[in-house]
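Novice:
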Amino acid sequence: MTSRSAPAAVVVLLSALAAGTAWAGHDSAALQDLEALLDTEVEGASRLLESALDAPAVVSTIHRAETAALGHRTVGEMLERLPGIYLGTTRDYGRVGLRGLSRPGDYNARLLMSIDGYRVNDALFDQALPGWEFPIVADWVKRLELVSGPASSVYGSNALLGVVNAVTLDGADAPGVRLRVGAGSFGTRDAVLNYGWNEGDADLFAGLALHASDGETLQDPALAGPAAPDGRVAGLDGTRYRSLFLKWRRGDWRLTLVSQERVKDSAIAAYGTLPGVAGNRYVDRYDYAEVAWDGAWRGDWRASTRLNLSASRFQGDYVYGEPRAPWLNRDELDGRWLGADVRLQWRGWLNHQLTLGVEGRHVFDAVQRNFDVGGGAPILWRRDTQTQAALYAQDQWRLAEQWALTGGARVDRVQDHGAALSPRLALVWRPSAPQAVKLLYGQGFRVPNLAERFYDDGGMAQRANPGLRAEHIRTVALAWERSVGTHGRLAVSLYRDRLRDLIELVGERVGQYRNMSRLRTRGLDVEGEWRPAAGWQLRGSVTLQQVRDGQGRQGDAPRWIAKGHVLAPLAPSWSAGLQAQALGRRSPLLPAQGTVDAVLQWQPAPGRSLGLRALNLTDERIWDPATPVEVQLARIPQERRRLELSWQQAF
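Anchor point for the sequence shown: position 483 equals 1175 in our numbering, and the numbering is continuous, going up by one each time.
1) So for G1066, helix, strand or coil by DSSP?
2) How is the alpha helix (DSSP H) around E769 delimited, first residue to last?
3) Where are the beta strand (DSSP E) runs, 3 residues long or more, that stay fully inside the stretch 1105–1155, in chain order?
4) If you draw a straight line from the alpha carbon of L999 to that of A981, how long is it in whole angstroms?
5) Do the CB positions of A1284 and A1274 come within less than 8 Å of each other?
6) Going by C-alpha to C-alpha distance, which of D882, R1300, Q1243, G1008 sits closest to A904?
7) Apart from the five residues on each side of it in sequence, which residues of its chain come closer than 7 Å, Cβ to Cβ, to W715?
8) Whole angstroms are fine: how far does the CA of V859 sit from the CA of N1043?
9) Quick one: using the 10 Å Cβ neighbour count with 16 as the cut-off for buried, is S1124 buried or exposed?
10) Given P913, which residues of its chain have a CB within under 6 Å of its CB, disregarding the five upstream and five downstream residues?
11) Can you tell me where the alpha helix (DSSP H) with Y847 in it begins and where it stops?
12) Can you list the beta strand (DSSP E) stretches of 3 or more residues lying completely in the stretch 1231–1319, in chain order?
13) Please classify V1321 as buried or exposed, where buried requires at least 16 neighbouring CB atoms within 10 angstroms.
14) When you compare only the Cα positions, how much space is there between F1137 and R1231?
15) Of the residues V788, V1176, G1099, V975, which one's Cα is nearest the Cα of P775?
16) Grouping DSSP H, G and I as helix and E and B as strand, with all else coil, what is F826?
17) Touch check for the stretch 776–783 and the stretch 1156–1170: three-plus C-beta pairs under 8 Å?
18) Cβ of T1213 within 8 Å of Cβ of Q1229?
19) Hey, would you say G899 sits closer than 8 Å to A1249, going by beta carbons?
20) Considering only the alpha carbon of each residue, which of Q1078, M1152, R1300 lies closest to W1266?
21) Straight-line CA distance for S951 to D979?
22) Who are F937's beta bridge partners in DSSP?
23) The beta strand (DSSP E) spanning L804 covers which residue range?
24) Helix, strand or coil for Y778? Go by DSSP, reduced to three states.
25) Is there a Cβ from chain B that is less than 8 Å from the Cβ of I960?
26) Which residues bound the alpha helix (DSSP H) around E758?
27) Using the beta-carbon count (16 or more within 10 Å), is F937 buried or exposed?
28) For Y1012, tell me which candidate among L1194, V839, V1198, A961 has the shortest Cα-Cα distance.
29) If we ignore side chains and look at the alpha-carbon of each, how far apart do T732 and V1139 end up?
30) State the Cα-Cα distance for the pair D906 and R765, rounded to the nearest angstrom.
31) For L838, which option in R1174, S806, I828, V829 has the closest C-alpha, if you only look at C-alpha atoms?
32) Tell me the rounded alpha-carbon separation between G1242 and L1211.
33) For the beta strand (DSSP E) containing D818, name the first residue and the last one.
34) In terms of residue numbering, what span does the beta strand (DSSP E) encompassing T1204 cover?
35) Using a Cβ-Cβ cutoff of less than 8 Å, which residues in the same chain neighbour V833 once the five nearest sequence positions on both sides are dropped?
36) Can you look up A962 in the DSSP assignment and give me helix, strand or coil?
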């Protein structure tokens, strides 16, 4: 979609909104009671359950019913529906943009991702990507929460731009056996099997997810080489994914087990590899086990604790040389770590609720290897350990019936980086039950990860920089949210951020992470939602943002983002959904662009449904910025039109 036609996605959405206005009746059996919707309880803002309107942060949510109706498969598709978020991909790995930041070479290390409060960001890259790289799929998520702005005061490093928390299903939410199977364009195959059970204070939810795709055929003169003279690369863009998820509750105790693996074939000739040949591939594996105890209130005290053991593995295979005499270079990066968190809540003072917490993480094995398969000494072989510990406190003080003040701070001490202080202050005014005004201040930080500091493959793609410093952010925000009439809500937020010592990958064919930039960002998010009748939902947002470095340059952030979706019943047993998103111009190579997706669902009986989904319905050619390692390409082509057919059955 060119800059001239980019608003088409928004026009399509607005047309659907107009249709909804014309045909929807004001049914009291709306999709969800608006006051309950406005007062959704969230966990991500303070690591405890509280009203989203009272939370000391700007929090956006999307729920299971909404995402199921839109046919979402990954957590990334859910996340992209929330204000200010924009996603992209290098075709090997996804990228997440928030508050104007999605820098080349940054794989989402500035956004903390969690599952039921468990920190997913790994020990080597400090990254957690929400697409097929993520440990769980959208089918298992009850509610996705986006906490915008720094949250280091309760989470520490990585919570620089925000926190995403995926709250998973319990067995009581999805009892019995459920199976979803699907197939689609580019040889896509899917299967998700769930089982839920609940009896008394015992609850079990288990899931198995499988996904495979042959991928697209790419055509780009920049990919031309001896094996692909015309730049046509076919059969080299495939993905294989599998995930196992188990959550068991008994009383105050919870056990979670997750094992996930993704294999991604690479067709873009990254790191100067040989284009058009098989063998360029990435393997990502993530496993964790967590035991958690959430005690009930005993008088004025409540305690909770969690202990987790995690492991991640990355393998990258890179083919160099000539098609008749190729040689294989390999990365192997393995991490194993132990995490623990203990929290106490106390409400012994009138109108106060105090939270005290201690958290630690010990990386007891972090190995980085690079070598040529079949010969020679290793180019890189490094083993590290890392320990970090933190103490945090937060007080939520009810000043008056309509006023609340939250103050908190966290001190983190990370090995090799000294101590970091992250304060938070939030003043919340509730002039009426379905309305909140918030004035927010916070600071956050991110320490450089082990791969940024120590990975060095001898000058092939990256050089080490052990002297990297932590990057920091300071933010001020003003937010307002309220109901509109009896069926709508409106949310507006303004923010201003200052970042320093931003870590960026610099260089062309050989990159190095350095502390480069001071950035100033400011933005406006406006979100509206209307649920006029049973089965109807209309939701959209507009984001305006500006990013400037020390020289006043804009960078590759879009100046605006517009998105929205419509859900509507068409006839008995039939429903439809439409979602659209558009981004403003990012560079001369990246004009304004947008896409429209559509879904049609038929439910012949309870527990059975047939769905047809079209992604990039109008088959637009859209692009994402190339990172310094995609040396063959000036910009990365994104996915073209894809059709998916799925069947879901409950037993």
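The beta-carbon is built from N, C-alpha and C at its ideal position, and this holds for glycine as well.
Specialist: In terms of the structure at hand:
1) Your numbering for residue 1066 matches position 374 in the sequence shown. G1066 falls in the coil class under three-state DSSP.
2) Counting from one through the sequence shown, the residue named residue 769 turns up at place 77. Counting along the chain, the alpha helix (DSSP H) containing E769 begins and ends at 767–771.
3) For the stretch 1105–1155, whole beta strand (DSSP E) runs of length 3 or above, ordered along the chain, are 1110–1121, 1127–1138.
4) As a working note, residue 999 is residue 307 in the sequence shown. As a working note, residue 981 is residue 289 in the sequence shown. L999 and A981: Cα-Cα distance of roughly 8 Å.
5) Within the sequence shown, numbered from 1, the residue matching residue 1284 stands at position 592. Within the sequence shown, numbered from 1, the residue matching residue 1274 stands at position 582. Contact check for A1284 against A1274 passes: the beta carbons are separated by less than 8 Å.
6) As a first step, residue 904 is located in the sequence shown; it is residue number 212 there, counting from the start. In this structure, D882 is the residue among D882, R1300, Q1243, G1008 with its C-alpha nearest to the C-alpha of A904.
7) Here the question's residue 715 lines up with position 23 in the sequence shown. The predicted position of W715 is uncertain, since its pLDDT is 40 and thus under 50; a value taken from the coordinates is nonetheless stated next. Nothing meets the Cβ criterion.
8) As a working note, residue 1043 is residue 351 in the sequence shown. As a working note, residue 859 is residue 167 in the sequence shown. In this structure, the alpha-carbon of N1043 lies about 29 Å from that of V859.
9) Start at 1 with the first residue of the sequence shown, and residue 1124 comes out as number 432. Under this definition S1124 is an exposed residue.
10) Taking the first residue of the sequence shown as 1, we reach residue 913 at position 221. If you ignore the 5 residues before and after P913, its C-beta comes within less than 6 Å of the C-beta of G923, all in its own chain and listed in chain order.
11) The residue you call residue 847 lines up with position 155 of the sequence shown. Unbroken alpha helix (DSSP H) run through Y847: 844–847.
12) Qualifying beta strand (DSSP E) stretches, in chain order: 1252–1263, 1266–1275, 1285–1297, 1300–1307, 1315–1317.
13) Indexing the sequence shown from 1 puts residue 1321 at position 629. When all chains shown are included, V1321 counts as buried.
14) In the sequence shown, counting from the first residue as 1, residue 1137 sits at position 445. In the sequence shown, counting from the first residue as 1, residue 1231 sits at position 539. One C-alpha to the other measures close to 33 Å.
15) By one-based count along the sequence shown, residue 775 stands at place 83. Checking every option, the nearest Cα to that of P775 belongs to V788.
16) Residue mapping note: residue 826 aligns to position 134 of the sequence shown, counting from 1. Here F826 sits in coil by DSSP.
17) As far as the Cβ criterion goes, the stretch 776–783 does not touch the stretch 1156–1170, which means the pair count is below three.
18) Counting from 1 along the sequence shown, the entry for residue 1213 is found at position 521. Counting from 1 along the sequence shown, the entry for residue 1229 is found at position 537. No, they are not a contact pair.
19) Numbered from its first residue, the sequence shown carries residue 899 at position 207. Numbered from its first residue, the sequence shown carries residue 1249 at position 557. No, these two residues do not count as a Cβ contact at 8 Å.
20) As a working mapping, residue 1266 is identified with position 574 in the sequence shown. The option with the nearest alpha carbon to W1266 is R1300.
21) Locating residue 951 in the sequence shown gives position 259, counting from the first residue. Locating residue 979 in the sequence shown gives position 287, counting from the first residue. Taking the CA atoms as reference points, S951 sits about 4 Å from D979.
22) Working through the sequence shown from its first residue, we reach residue 937 at position 245. According to DSSP, which records beta bridges pairwise, F937 is partnered with G899, V950.
23) Counting from 1 along the sequence shown, the entry for residue 804 is found at position 112. 803–807 is the extent of the beta strand (DSSP E) around L804.
24) Start at 1 with the first residue of the sequence shown, and residue 778 comes out as number 86. DSSP places Y778 within a strand segment (E or B) once states are collapsed to three.
25) In the displayed structure, chain B is absent; only one protein chain is listed.
26) Here residue 758 is taken as the residue at index 66 of the sequence shown, counted from 1. Where E758 is concerned, the enclosing alpha helix (DSSP H) stretches over 756–762.
27) Taking the sequence shown and counting its residues from 1, the one referred to as residue 937 is at position 245. Residue environment: F937 is assigned as buried (16 or more neighbouring CB atoms within 10 Å of its CB, all protein chains considered).
28) Sequence index remark: in the sequence shown, residue 1012 carries index 320 (1-based). Per the C-alpha coordinates, the member of L1194, V839, V1198, A961 positioned closest to Y1012 is A961.
29) The residue you call residue 732 lines up with position 40 of the sequence shown. The residue you call residue 1139 lines up with position 447 of the sequence shown. Their Cα atoms are separated by approximately 33 Å.
30) Position 214 of the sequence shown, counted from the start, is the residue given in the question as residue 906. Position 73 of the sequence shown, counted from the start, is the residue given in the question as residue 765. In this structure, the CA atom of D906 is about 17 Å from the CA atom of R765.
31) Along the sequence shown, one-based indexing puts residue 838 at 146. Taking only the C-alpha atoms, the option nearest L838 is S806.
32) Residue numbering aside, residue 1242 sits at position 550 when the sequence shown is read from its first letter. Residue numbering aside, residue 1211 sits at position 519 when the sequence shown is read from its first letter. So the two alpha carbons sit approximately 7 Å from each other.
33) The residue labelled residue 818 in the question sits at position 126 within the sequence shown. DSSP places D818 in no beta strand (DSSP E); its state is neither H nor E.
34) Reading the sequence shown from its first residue, position 512 is the one you call residue 1204. The residue you asked about is not Thr; residue 1204 is Gln in the sequence shown. That run of the beta strand (DSSP E) goes 1203–1222.
35) Walking along the sequence shown from the start, residue 833 turns up at place 141. By the criterion of a C-beta distance shorter than 8 Å, V833 is surrounded in its chain by R756, T759, V767, M770, A858, V859, T860, L861, once the five residues flanking it on both sides are discounted.
36) Residue numbering aside, residue 962 sits at position 270 when the sequence shown is read from its first letter. A962 carries a helical assignment under DSSP once its states are collapsed to helix, strand and coil.
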